[in-house]
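Participant:
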Amino acid sequence: MIDAKAYAAQDPQTDLAPWNFERREVGPHDVQFDILYCGVCHSDLHQIKNDWFPGIFPMVPGHEIVGRVVKVGDHVKNFKVGDLAGTGCMVDSCQVCENCKQDLEQYCLEGNTGTYNSMERDGSMPTYGGYSNTIVVREEFVLHISEDVDLAATAPLLCAGITTYSPLRHWGVGKGHKLAVLGLGGLGHMGVKFGVAFGAEVTVLSTSPKKEEDAKKLGAHHFVVTSDPQQIEAAKGTFDFILDTVSAEHDFNMYLSLLRTNGVMMCVGAPSKPAEISAFSLLGGRKSVAGSGIGGIKETQEMLDFCAENNIVSDIELIDIKDITASYERMLKGDVRYRFVIDMATL
Ligand code: NAP
Ligand code: ZN
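Residue numbers for the sequence shown follow full-length UniProt numbering, so the first one is 1 and each next one is one higher.
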């Protein structure tokens, strides 16, 4: 086994704290890489607090991971020691079901193996995430990272990036479309960057009037403060797509009223409580509510390459790992500009 250190939650009530544990040995198909940076996703907070389902504790969160390869198994073909490497939200899947065969491992019919808060496929031990010094991942779930990019600012692409890139690509959002991005946080700010890069006219829908200037700097064309009834009234029936990145309960019916006929609300935010949607919010304009989960490995690599070519990275605040709890508190208040990334040298 490999000695590893991390910050872990021992239970949902206690703050993260240093923890020593063991990773599995590097198997023939595995890549081990030392972690340089790890992004802080709102999903980390949902999971350590048992918001979605009872978690596996101790839990080491983190699924926006970049680092440098230190060891590879005998059968590994695509990585060598010294390469940059990345891992996102999943580290394994069955690889034979119809979804896996179509490069949609995130929708593996047996369930994908989460980077943390999941069990290894052989059931031997839990998986542990990226708030850690090193990680062992099977080759198929390790991404290539360009040597030319800002590594810390690239880490959030592994989740916030692919989670917004994938639905925008799937629904073909681009030139001639009016896209609204709901919630300007980690996912939302990447949604704005991709929407603009794909040629859409982008509006940010936000509860935070203070973020207007930032939204424009990110490339958004318009900004709507959702608590202002006049601004909401003016936005009614105007959007082809809404990318909903909100992490907490919100009024779906109000937002659906902002869509045009045939409009699609693409939900990527994952509030713990179910939403109430009136049939009348949908049937009046043949509207759809849809969901999307991260993205497959092939598409994640495509997104990373697209970002490297187009100089797209996340806007980040680099933090010391000892400040993780304070960063969670700020994230809960919507005060993240626009992704916290842990400098793993501080562990
Ligand atoms: P985040 O950085 O905290 O951003 C969420 C934003 O939502 C906030 O900055 C805020 O933006 C807005 N918001 C928060 N509470 C709200 C409320 N009650 N009503 C309206 N707006 C509110 O979180 P994130 O890391 O981007 O993650 C967002 C959500 O996506 C989380 O639920 C996360 O678990 C989920 N997620 C899903 C996937 C997937 O595969 N589908 C992947 C990753 C994350 P404003 O200040 O602009 O209002
Ligand atoms: Zn995430």
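All residues carry an ideal CB built from backbone N, CA and C; glycine is no exception.
By the three-class DSSP mapping on this structure, what secondary structure does residue 395 have?
Facilitator: Residue 395 falls outside the range modelled here, since the chain spans only 1 to 347, and no answer is possible.
Participant: Count the other CB atoms within 10 Å of the CB of Q102; is the residue buried (16 or more) or exposed (fewer)?
Facilitator: exposed
Participant: With a cut-off of 5 Å, give the chain-ordered residues whose Cβ is closer than this to any heavy atom of the ligand ZN.
Facilitator: C41, S43 and C159
Participant: Tell me which residue opens and which closes the alpha helix (DSSP H) that F194 is part of.
Facilitator: G186 to A197
Participant: Using C-beta distances below 7 Å, list every residue in its chain close to V336, excluding the 5 sequence neighbours before and after it, in chain order.
Facilitator: Sequence-distant Cβ neighbours of V336 in its own chain, meaning closer than 7 Å and more than five residues away, are G185, G186 and R330.
Participant: Within a Cβ cutoff of 8 Å, which residues of the same chain sit near V26, ignoring the five residues on either side of it in sequence?
Facilitator: Only I2, Q32, K71, V72, G73 and V136 meet the Cβ criterion.
Participant: Give me the Cβ distance between I35 and G82, rounded to the nearest whole Å; I'm assuming they're in contact under 8 Å.
Facilitator: Actually they do not touch by this definition, with Cβ atoms about 15 Å apart.
Participant: To the nearest angstrom, report how far apart V91 and D148 are at their CA atoms.
Facilitator: 25 Å
Participant: Relative to the C-alpha of V181, which residue among V268, S93 and A345 is closest?
Facilitator: V268
Participant: Regarding A6 and the ligand NAP, is the C-beta to nearest heavy atom distance less than 7 Å?
Facilitator: no
Participant: Can R339 and A160 be called in contact, C-beta distance under 8 Å?
Facilitator: yes
Participant: Suppose only complete runs of 4+ residues qualify. What are the alpha helix (DSSP H) ranges in the stretch 249-298, listed by chain order?
Facilitator: 252-256 and 280-283
Participant: Output needed for Y37: all residues of its chain with C-beta closer than 7 Å, excluding positions within five of it in sequence on either side, in chain order.
Facilitator: V66, L151, A152, A155, V341, I342, D343 and M344
Participant: On the criterion of 16 or more Cβ atoms from any shown chain inside 10 Å, does H42 qualify as buried, or is it exposed?
Facilitator: buried
Participant: Please report the residue range of the beta strand (DSSP E) in which Q32 lies.
Facilitator: D30 to V40
Participant: May I ask whether a heavy atom of the ligand NAP can be found less than 7 Å away from the beta carbon of P209?
Facilitator: no
Participant: Taking only the alpha-carbon atoms, compute the straight-line gap between L157 and E64 and give it to the nearest angstrom.
Facilitator: 7 Å
Participant: So F223 packs on A215, CB below 8 Å; how close in whole Å?
Facilitator: Contact between F223 and A215 holds: CB atoms are separated by about 5 Å, below the 8 Å threshold.
Participant: Using DSSP's beta-bridge definition, name the partner residues of Y7.
Facilitator: P18
Participant: Taking all protein chains shown into account, do 16 or more other C-beta atoms lie within 10 angstroms of the C-beta of V213, making it buried, or fewer, making it exposed?
Facilitator: Reading the sequence as shown, one finds Glu at residue 213 and not Val. So E213 counts as exposed.
Participant: Quick check on R169: does DSSP put it in helix, strand or coil?
Facilitator: helix
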